[in-house]
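Colleague: Using numbering that gives the first Met the number 0, you'd call the opening residue of the sequence shown number 0 and step up by one each time.
Yeah, the Cβ is synthetic: ideal placement off N, Cα and C, and Gly gets one too.
Predicted, not measured: the structure shown is a model, and the values here were computed from it.
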Amino acid sequence: MKNVIVGTAGHVDHGKTTLLKALTGVDLDTLKEEQKRGITINPGYSTLENDRNIDIGIIDVPGHEKFVHNMLTGIGGVDLVLLLVSAEEGIMPQTREHFEIVKALGSDKGIVVITKTDLVDPEFVPMVEEEVKAMVKGSFLEDAPMIPVSAYTGDNIEKLRTTILDMAETIDGPPRDKSLARLPVDRVFTIAGHGTVVTGTLVEGSIEKGDALFLYPSLKETTVRSIQVHSKEADAAYGGQRVALNVTLKKEDIAIGDVLAPPNALPLTEQVDVSITMFQSTEKILLNSSRVHVNYGSGEVIARVILFGNDELHPEEKGYGQLRFEEAIPLRKDDPFVLRFFSPVESMAGGKVLEVKPKRHKRRDPAVVEELAKKETGDDTTILAMALAENRYRYDSDEALAHRLGFTPTRFADALGALQKEGVAIPLIEGVTVHKDTVDGAFLSVQNILARYHEEFPLETGMPKQSLRHQLAQVEHLDDDRLTDGFIQLFFAMRKLVDHGLRVEETGFTATLTPEQEKQWDAAEKIALNAGFEFATDDDFKRVGKKYDQILKFMTESGTLVTLANGRIHKDYFDKAVVLAMDMIEKDGALKLADFRNAIDTSRKYAVDILDKMDDMGYTLFKDGVRVKA
0 MKNVIVGTAG
10 HVDHGKTTLL
20 KALTGVDLDT
30 LKEEQKRGIT
40 INPGYSTLEN
50 DRNIDIGIID
60 VPGHEKFVHN
70 MLTGIGGVDL
80 VLLLVSAEEG
90 IMPQTREHFE
100 IVKALGSDKG
110 IVVITKTDLV
120 DPEFVPMVEE
130 EVKAMVKGSF
140 LEDAPMIPVS
150 AYTGDNIEKL
160 RTTILDMAET
170 IDGPPRDKSL
180 ARLPVDRVFT
190 IAGHGTVVTG
200 TLVEGSIEKG
210 DALFLYPSLK
220 ETTVRSIQVH
230 SKEADAAYGG
240 QRVALNVTLK
250 KEDIAIGDVL
260 APPNALPLTE
270 QVDVSITMFQ
280 STEKILLNSS
290 RVHVNYGSGE
300 VIARVILFGN
310 DELHPEEKGY
320 GQLRFEEAIP
330 LRKDDPFVLR
340 FFSPVESMAG
350 GKVLEVKPKR
360 HKRRDPAVVE
370 ELAKKETGDD
380 TTILAMALAE
390 NRYRYDSDEA
400 LAHRLGFTPT
410 RFADALGALQ
420 KEGVAIPLIE
430 GVTVHKDTVD
440 GAFLSVQNIL
450 ARYHEEFPLE
460 TGMPKQSLRH
470 QLAQVEHLDD
480 DRLTDGFIQL
490 FFAMRKLVDH
500 GLRVEETGFT
510 ATLTPEQEKQ
520 WDAAEKIALN
530 AGFEFATDDD
540 FKRVGKKYDQ
550 ILKFMTESGT
560 LVTLANGRIH
570 KDYFDKAVVL
580 AMDMIEKDGA
590 LKLADFRNAI
600 DTSRKYAVDI
610 LDKMDDMGYT
620 LFKDGVRVKA
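(1) Who pairs with Leu201 in a beta bridge, going by DSSP?
(2) Leaving out five residues on either side along the sequence, give the residues of the same chain with a beta carbon under 6 Å from the beta carbon of Lys1.
(3) Kindly indicate which three-state DSSP category Asn41 falls into: helix, strand or coil?
(4) So, Asp310 versus Ala388, is the Cβ gap smaller than 8 Å?
(5) Taking the Cβ atom as the reference point for each residue, do Leu47 and Ile170 lie within a distance shorter than 8 Å?
(6) Measure the alpha-carbon distance for Pro329 versus Asp154 and round it to whole angstroms.
(7) Taking just the CA atoms, how far does Gln270 sit from Lys356?
(8) On the CB-based measure, 16 or more other CB atoms within 10 Å of its CB, does Lys541 come out buried or exposed?
(9) On the three-state DSSP scale, how would you describe Tyr151?
(10) Looking at the structure shown, is Lys249 part of a helix, part of a strand, or coil, going by DSSP?
(11) Apply the 10 Å Cβ neighbour rule to Ile146 and answer buried if 16 or more other Cβ atoms are within range, or exposed otherwise.
(12) Beta carbon of Leu400, beta carbon of Ala414: below 8 Å?
(13) Of the choices Gln519, Pro144, Glu251 and Ser557, whose alpha-carbon is the least far from that of Asp539?
(14) Identify every run of the beta strand (DSSP E) within the stretch 500–536, keeping only runs that are complete inside it and at least 3 residues long; order them along the chain.
(15) Under 8 Å, Cβ to Cβ, is there at least one residue of chain C near Gln240?
(16) Return yes when the Cβ of Thr407 is within less than 8 Å of the Cβ of Asp176, no when it is not.
(17) Measuring alpha carbon to alpha carbon, tell me which residue in Pro426, Lys249, Thr619 and Val291 is nearest Leu214.
(18) Should the stretch 442–452 be regarded as contacting the stretch 391–399, the criterion being three or more beta carbon pairs within less than 8 Å?
(19) According to the Cβ coordinates, are Leu201 and Gly239 closer than 8 Å?
(20) Using the C-alpha atoms, what's the distance from Leu353 back to Ala150?
(21) Val131 and Thr195 - do their beta-carbons sit closer together than 8 Å?
(22) Applying the 10 Å Cβ sphere with the 16-neighbour rule, what's the burial state of Lys420?
(23) Contact defined as beta carbons within less than 8 Å: I believe Asp210 pairs with Thr198. What is the distance between those atoms, to the nearest angstrom?
(24) Within the same chain, show all residues whose beta-carbon is closer than 7 Å to that of Asp333, passing over the 5 residues directly before and after it, in chain order.
(25) Going by alpha carbons, who is nearest to His476 out of Phe532, Thr555 and Arg393?
(26) What does DSSP give as the partner residues of Val5 in its beta bridges?
(27) Assign Pro426 to one of three DSSP states: helix, strand, or coil.
(28) Does the beta-carbon distance from Ile568 to Gln516 come in below 8 Å?
(29) If you check the beta carbons only, do Ile206 and Val228 fall under 8 Å apart?
(30) Nearest to Leu306 by CA position, among Ile284, Ile90 and Glu299, is which residue?
(31) Within a Cβ cutoff of 7 Å, which residues of the same chain sit near Phe657, ignoring the five residues on either side of it in sequence?
(32) Glu429: buried (16+ other C-beta within 10 angstroms of its C-beta) or exposed?
(33) Only counting the same chain, and skipping five residues up and downstream in sequence, which positions put a Cβ closer than 8 Å to that of Asp614?
(34) With DSSP collapsed to three states, give me the class of Tyr547.
(35) Within 10 angstroms of the Cβ of Ser342, are there 16 or more other Cβ atoms? Answer buried if so, exposed if not.
(36) With Phe336 and Met347 assumed to form a contact (beta carbons below 8 Å), what rounded beta-carbon distance in angstroms separates them?
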């Protein structure tokens with residue numbers, strides 16, 4: 000079954016509650032306070048019964064200026080807006096304010112309803128209609144149906160009902176993926192024998208009885224005991240439905256504006272990048288660094304507005320900026336919001352979240368505005384590519400990125416797959432993908448680390464792998480060893496680094512000797528060649544001069560010298576010994592120590608060390624007192 004939420008908007012006493020009673024048969028002014036005052040204070044809810052297999056919930060939101068915040072609470076997540084204008088009074092200030100709010104909150108389908116037609120002469124109705132047409136021109140309501148009605152006489156009520164149902168059939172509704180479930184709390188109370196109950200409009204996703212949820216921003220865990228959808232018991236609730244949840248938390252643990260969602264499904268943030276569009280109806284100017292009220296979902300928070308590229312925004316102007324909240328709140332990309340002046344409190348702009356947890360930007364940098372414009376209008380691959388690029392130094396998981404962007408798993412996988420084909424997105428470790436620019440940046444860090452090491456140790460053929468890991472983790476802000484190892488293994492796979500076991504070097508790296516070191520090299524090589532099969536010891540090599548040990552290490556790692564148990568032999572003599580031993584084994588089937596000693600004309604001590612090295616290197620195998628081919 001499709002789920003659709005219909006919400007009302009309009010000036011106080013323009014007949015919203017009366018109209019909905021005529022449509023649904025339910026009087027939504029249920030609170031004593033509301034009955035007493037004759038106005039709607041809290042959003043009221045009912046359903047529009049029909050035979051089209053559509054679950055339609057109707058929200059009657061407040062019209063009185065003192066209750067604009069509750070109006071924002073009710074209109075969030077609405078699929079279809081009924082904008083009501085009294086034929087008796089026409090467009091009023093709050094009509095314009097509510098109209099601009101529903102635009103700001105992303106509404107794209109609606110019906111204009113001219114109410115109280117029984118109270119005016121028929122010729123007045125077209126005049127009001129023309130006035131409304133002028134106000135909604137260029138908006139989502141420009142081509143919307145406009146229906147004059149009288150809830151008192153019943154005139155056109157059935158036409159309105161049919162139009163609502165027809166338009167509801169064209170609405171797809173929000174995604175139902177459980178990972179996206181989000182319920183902004185707009186009421187909380189207790190019921191004897193049941194405990195705490197919260198209500199709200201399930202923005203997207205689905206919630207089932209028994210689900211474990213977190214309360215954001217407190218991150219307290221709770222369990223769903225039971226569910227009501229539009230006042231009826233249910234096993235599950237879906238995006239677009241009006242929901243009441245019986246939860247295990249205490250009433251005092253929950254506040255209006257809190258959000259229920261799966262664990263780790265919502266990022267908490269103290270600042271967001273946004274687009275801002277000033278209302279046409281406002282008379283105020285939004286100045287850079289202004290303090291404002293921010294209404295989002297069912298919550299409200301104080302924030303400071305930082306404008307990019309502008310010092311101020313005038314009525315009807317659009318710009319980009321950053322909201323810096325006075326406390327952390329749960330938001331996703333593309334979430335709508337309304338800005339209200341700090342004092343006096345007056346609605347003046349709407350906007351959309353473009354980036355959750357952004358870095359701070361330079362106000363005058365044109366590139367910042369360009370990037371935010373791309374985030375506002377870009378397709379999924381563009382948006383994900385930008386998110387991956389900005390994820391360097393944070394390395395959020397793929398799952399966290401999907402939650403932050405509000406992508407379903409399928410939507411995220413499709414965008415990620417496209418970027419991987421283009422070589423833009425690169426898997427680092429399981430569950431973490433990075434942008435190619437991040438890989439390039441990390442390798443530049445590796446190159447700088449290796450350059451500093453070789454400057455200090457010019458004859459080392461490679462840097463100790465553990466030292467490289469430690470320094471790379473510091474430079475790239477890698478707080479997980481798996482990420483560090485992921486980069487190093489990736490560079491091995493890309494053939495950018497060479498793995499020497501305990502040491503690492505850049506592919507193509509060669510150490511460069513100074514003229515003095517070249518002299519030491521020649522001297523050490525002469526000593527080794529003169530020693531022949533009776534190899535040289537470190538005491539012999541001391542004659543080459545200061546830091547002779549660095550020269551020996553370099554010569555050994557480069558293969559010029561071969562290290563034995565008691566000294567070093569030149570590779571030419573070791574290679575001769577290997578060839579000689581293999582020939583003797585091939586001829587006789589095995590090699591005796593005495594025969595090998597006689598063949599190289601040396602003592603037993605030297606012959607044993609050379610044969611042991613052959614065993615270590617896998618040329619020979621010592622078995623039953625002789626050597627055989629390994």
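Modeller: In this structure, then:
(1) Numbered from 1 along the sequence shown, position 202 holds the residue referred to as residue 201. As DSSP reads the structure, Leu201 sits in no beta bridge.
(2) Here residue 1 is taken as the residue at index 2 of the sequence shown, counted from 1. Excluding residues within five positions, the ones whose Cβ falls inside 6 Å are Ile53 and Gly172.
(3) Counting from 1 along the sequence shown, the entry for residue 41 is found at position 42. In this prediction, Asn41 has a pLDDT of 48, which is less than 50 and means its spatial position is unreliable; nothing more can be read from the coordinates.
(4) As a position in the sequence shown, residue 310 is number 311, starting the count at 1. As a position in the sequence shown, residue 388 is number 389, starting the count at 1. It is not a contact, given that the beta carbons lie outside the stated cut-off.
(5) Taking the first residue of the sequence shown as position 1, residue 47 is located at position 48. Taking the first residue of the sequence shown as position 1, residue 170 is located at position 171. Contact flag unset, no.
(6) Position 330 of the sequence shown, counted from the start, is the residue given in the question as residue 329. Position 155 of the sequence shown, counted from the start, is the residue given in the question as residue 154. Cα-Cα distance, rounded: 45 Å.
(7) The sequence position of residue 356 within the sequence shown is 357, counting from 1. The sequence position of residue 270 within the sequence shown is 271, counting from 1. The straight-line gap from Cα to Cα measures roughly 6 Å.
(8) The residue given as residue 541 occupies position 542 in the sequence shown. With fewer than 16 other Cβ atoms within 10 Å, it is exposed.
(9) Mapped onto the sequence shown, residue 151 falls at position 152. Three-state result, Tyr151: coil.
(10) Taking the sequence shown and counting its residues from 1, one reaches residue 249 at position 250. Lys249 falls in the coil class under three-state DSSP.
(11) The count along the sequence shown starts at 1 and reaches residue 146 at position 147. The residue in question, Ile146, is buried, as its Cβ has 16 or more Cβ neighbours within 10 Å.
(12) Taking the first residue of the sequence shown as 1, we reach residue 400 at position 401. Taking the first residue of the sequence shown as 1, we reach residue 414 at position 415. Contact flag unset, no.
(13) Counting from 1 along the sequence shown, the entry for residue 539 is found at position 540. It is Gln519 whose Cα lies nearest to the Cα of Asp539.
(14) 502–505
(15) Any reference to chain C falls outside this structure, which holds one protein chain only.
(16) Numbered from 1 along the sequence shown, position 177 holds the residue referred to as residue 176. Numbered from 1 along the sequence shown, position 408 holds the residue referred to as residue 407. Cβ atoms of Asp176 and Thr407: closer than 8 Å.
(17) To locate residue 214, count along the sequence shown from 1; it is residue 215. If we check each option's Cα against that of Leu214, Lys249 comes out closest.
(18) Output reads no: the stretch 391–399 does not touch the stretch 442–452.
(19) Within the sequence shown, residue 201 is the residue found at index 202, counting from 1. Within the sequence shown, residue 239 is the residue found at index 240, counting from 1. Yes; because the gap between Cβ atoms is below 8 Å, this pair is in contact.
(20) Numbered from its first residue, the sequence shown carries residue 150 at position 151. Numbered from its first residue, the sequence shown carries residue 353 at position 354. Spanning the two alpha carbons is a distance of roughly 42 Å.
(21) Working through the sequence shown from its first residue, we reach residue 195 at position 196. Working through the sequence shown from its first residue, we reach residue 131 at position 132. No, the Cβ-Cβ distance between Thr195 and Val131 is not below 8 Å.
(22) For the purposes of this step, residue 420 is taken as residue 421 along the sequence shown, with counting starting at 1. Flag for Lys420 reads exposed.
(23) Locating residue 210 in the sequence shown gives position 211, where the first residue counts as 1. Locating residue 198 in the sequence shown gives position 199, where the first residue counts as 1. Not a contact, Cβ separation roughly 17 Å.
(24) Locating residue 333 in the sequence shown gives position 334, counting from the first residue. Contacts found: Lys351, Val352 and Gly405.
(25) One-based indexing of the sequence shown puts residue 476 at position 477. Selected option, being the one with the closest Cα: Arg393.
(26) Here residue 5 refers to the residue found at position 6 of the sequence shown. According to DSSP, Val5 bridges with Ile57 and Leu79.
(27) Position 427 of the sequence shown, counting from 1, holds the residue named residue 426. Of the three classes helix, strand and coil, the one that applies to Pro426 here is strand, per DSSP.
(28) Start at 1 with the first residue of the sequence shown, and residue 568 comes out as number 569. Start at 1 with the first residue of the sequence shown, and residue 516 comes out as number 517. In this structure, Gln516 does not lie closer than 8 Å to Ile568 by Cβ.
(29) One-based indexing of the sequence shown puts residue 206 at position 207. One-based indexing of the sequence shown puts residue 228 at position 229. Not in contact: Ile206 and Val228 (Cβ atoms no closer than 8 Å).
(30) As a first step, residue 306 must be located in the sequence shown, where it is residue number 307. Comparing Cα positions, the closest option is Ile284.
(31) This structure does not reach residue 657, given that the chain is present from 0 up to 629, and the question cannot be answered.
(32) Position 430 of the sequence shown, counted from the start, is the residue given in the question as residue 429. Under this definition Glu429 is an exposed residue.
(33) Here residue 614 corresponds to residue number 615 of the sequence shown, with the count starting at 1. Within the same chain, Asp614 has close Cβ partners Leu620, Phe621, Arg626 and Ala629.
(34) Position 548 of the sequence shown, counted from the first residue, corresponds to residue 547. Of the three classes helix, strand and coil, the one that applies to Tyr547 here is helix, per DSSP.
(35) Indexing the sequence shown from 1 puts residue 342 at position 343. Exposed.
(36) The sequence position of residue 336 within the sequence shown is 337, counting from 1. The sequence position of residue 347 within the sequence shown is 348, counting from 1. Actually they do not touch by this definition, with Cβ atoms about 12 Å apart.
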